[in-house]
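> Last residue of the sequence shown: 121 (the numbering used here), numbering continuous.
Before anything else, here's the structure in question.
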Amino acid sequence: VSTQSTGSSGINAEYNLGAPLTEALQRLAGRLDSGYVLITGNPIRATKQTVQGNLFRITIPLGITDDMSCERLSTNRIVQLGTCSKPVEEYTLQIWHRPWLHPEYNFPNLEDLTDELF
Numbered sequence: 004v005s006t007q008s009t010g011s012s013g014i015n016a017e018y019n020l021g022a023p024l025t026e027a028l029q030r031l032a033g034r035l036d037s038g039y040v041l042i043t044g045n046p047i048r049a050t051k052q053t054v055q056g057n058l059f060r061i062t063i064p065l066g067i068t069d070d071m072s073c074e075r076l077s078t079n080r081i082v083q084l085g086t087c088s089k090p091v092e093e094y095t096l097q098i099w100h101r102p103w104l105h106p107e108y109n110f111p112n113l114e115d116l117t118d119e120l121f
């Protein structure tokens, strides 16, 4: 298991989190009720374990708001923390990236995270 916790750009580059993290956030935003947007910041910490794919554990600030000004600034119902200054908390996403399977991503704790945010 390798771990990275210094600077979000270093984490993204080190682990190539782009596609797995983007997909996780889009799926989470898609579960929100109409009128709500997902607020997200840059990853704070990440681990990567390679076993039949890559198992990522990414700690990232997340929040939910129904503020219309944040919704107007969002893309696909996701807005960056610096753009929308509403309360967020740190959550750890677990993403099992196995590109040879369909669907490409499996998020074993997505329901737990959605329940916690509401």
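Every residue, glycine too, gets a C-beta built ideally from N, C-alpha and C.
Inspect the CB distances between the stretch 50 to 58 and the stretch 79 to 86 and report whether three or more fall short of 8 Å.
No, the stretch 50 to 58 is not in contact with the stretch 79 to 86.
> Of all the options Asn45, Ala49, Glu93, which has the alpha carbon lying nearest to the alpha carbon of Trp99?
If we check each option's Cα against that of Trp99, Ala49 comes out closest.
> Which whole runs of the alpha helix (DSSP H) in the stretch 31 to 90 are 4 residues long or more, in chain order?
Taking only runs of at least 4 residues, the alpha helix (DSSP H) segments lying wholly in the stretch 31 to 90 are 71 to 76.
> Can you check DSSP and say which residues form a bridge with Tyr94?
Ile63.
> What's the call for Glu25, buried or exposed, on a 16-neighbour Cβ count within 10 Å?
Going by the sequence as given, residue 25 is Thr instead of Glu. So Thr25 counts as exposed.
> Check whether the Cβ atoms of Pro64 and Gly44 lie closer than 7 Å to each other.
Yes, the Cβ-Cβ distance between Pro64 and Gly44 is below 7 Å.
> Output the distance between the C-alpha atoms of Leu35 and Leu41, rounded to the nearest integer angstrom.
Between Leu35 and Leu41, the C-alpha separation is close to 8 Å.
> By alpha-carbon positions, which one of Thr86, Leu28, Pro102 ends up nearest to Ile61?
Measuring from the Cα of Ile61, the nearest candidate turns out to be Leu28.
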